[in-house]
Amino acid sequence: MSRGNTRQRIQDVALELFAEQGYEKTSLREIAERLDVTKAALYYHFKTKEDIIVSLFQDLTRPVDELVAWGQEQPRTLETKKEILTRYSKALSAAAPLFRFMHENQATMRDLSIGETFKERMFVLLELVKDPDAVLTDQVRCVSALFTMHAGMFTLRDAEGDPEEKRKAALEVAIDLVSQAHGQAPGVTR
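Counting from 1, position 42 in the sequence shown corresponds to residue 41 in numbering that gives the first Met the number 0; the numbering is continuous, with no gaps.
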């Protein structure tokens with residue numbers, strides 16, 4: 000098995016165990032046992048549980064970093080904001096296990112180095128979708144658009160239905176909010 004596949008397996012198993020038992024109650028030994036490898040083999044890739052979470056965070060949020068870089072180069076139009084929301088929705092979907100971990104382990108997230116980084120990333124995304132000169136209600140609509148997608152991912156996860164349909168429904172509401180903030184009826188493009 001290649002190094003990349005082993006690293007991915009460790010990340011996947013660690014995230015499963017963190018979800019089952021909680022981050023604090025999961026040991027590196029348990030991760031190694033679940034993988035059927037020695038602790039030394041696990042150490043070759045990751046020295047600590049935090050190293051595993053940081054690596055997951057970096058891998059799964061790379062699309063968000065790319066989105067931020069792209070968004071900062073684009074005109075601040077409604078079409079750009081819709082594209083940012085669409086791409087962010089897909090990135091959220093791909094990173095759903097990590098975002099669930101972050102949501103369910105908020106105290107741990109505050110203690111880990113990635114908590115602050117994630118918060119900073121959210122503020123940059125917010126700046127890309129809201130107009131600082133807009134009236135307060137329109138700024139709230141834009142902020143709410145991002146949080147609608149987060150809330151949709153958590154609150155709809157146990158609801159009946161196809162995950163992709165639930166993602167699209169949350170995205171539609173988010174786009175409606177940003178469209179309203181731009182003085183447009185939902186679905187109408189400028």
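Quick reminder that beta carbons are idealized off the backbone N, C-alpha and C, glycines included. Just so we're clear, the structure is a prediction, and the values are computed from it rather than from any experiment.
Exercise. In three-state terms, what does DSSP make of P96?
Worked result: One-based indexing of the sequence shown puts residue 96 at position 97. Residue state, collapsed to three classes: helix.
Exercise. Got a sec? Which residues, its chain only, sit under 6 Å from T188 by beta carbon, not counting five neighbours each side?
Worked result: Taking the sequence shown and counting its residues from 1, the one referred to as residue 188 is at position 189. Any answer about T188 is weak, because its pLDDT of 40 lies below 50 and its placement is not dependable; what the coordinates show is given next. Correct list: empty, nothing qualifies.
Exercise. Looking at the unbroken alpha helix (DSSP H) that takes in A68, where does it start and where does it end?
Worked result: Taking the first residue of the sequence shown as 1, we reach residue 68 at position 69. Segment 48-71, the alpha helix (DSSP H) holding A68.
Exercise. Where does N104 fall in DSSP's three states?
Worked result: For the purposes of this step, residue 104 is identified with residue 105 of the sequence shown, where counting begins at 1. Three-state result, N104: coil.
Exercise. Within this structure, are the beta carbons of A90 and L66 separated by less than 8 Å?
Worked result: Position 91 of the sequence shown, counting from 1, holds the residue named residue 90. Position 67 of the sequence shown, counting from 1, holds the residue named residue 66. Contact: yes.
Exercise. Among A168, S178, M101, R166, which has the Cα closest to the Cα of A18?
Worked result: Within the sequence shown, residue 18 is the residue found at index 19, counting from 1. Closest option to A18, Cα to Cα, is M101.
Exercise. Less than 8 Å separating the beta-carbons of R166 and S54?
Worked result: Within the sequence shown, residue 166 is the residue found at index 167, counting from 1. Within the sequence shown, residue 54 is the residue found at index 55, counting from 1. Not closer than 8 Å, so no.
Exercise. So, L27 versus V12, is the Cβ gap smaller than 8 Å?
Worked result: Position 28 of the sequence shown holds residue 27. Position 13 of the sequence shown holds residue 12. Not closer than 8 Å, so no.
For this session: Would you kindly work out how many angstroms separate the C-alpha atoms of L14 and A133, rounded to a whole number?
Result: Locating residue 14 in the sequence shown gives position 15, counting from the first residue. Locating residue 133 in the sequence shown gives position 134, counting from the first residue. Rounded to whole angstroms, L14 to A133 spans 40 Å at the Cα level.
Problem set entry | Nonlocal neighbours in the same chain, by C-beta distance under 6 Å from S1, ignoring five residues either side | Against the sequence shown, residue 1 aligns to sequence position 2. For S1, the predicted model reports a pLDDT of 46, less than 50, meaning its position is unreliable and no value from the coordinates is stated.
Exercise. Out of K129, L59, A39, which has the shortest C-alpha to C-alpha gap to Q71?
Worked result: Here residue 71 is taken as the residue at index 72 of the sequence shown, counted from 1. Of the listed residues, the one whose Cα sits closest to Q71 is K129.
Exercise. How close, in whole Å, do the beta carbons of F56 and I113 come, if the pair is a contact with beta carbons under 8 Å?
Worked result: Along the sequence shown, one-based indexing puts residue 56 at 57. Along the sequence shown, one-based indexing puts residue 113 at 114. Yes, F56 and I113 are in contact; Cβ-Cβ is about 5 Å, under 8 Å.
Exercise. Near R86, what residues of its chain come up, given a Cβ to Cβ distance below 7 Å and the 5 sequence neighbours on each side ignored?
Worked result: If you number the sequence shown from 1, residue 86 lands on position 87. Same-chain partners within the cutoff: L66.
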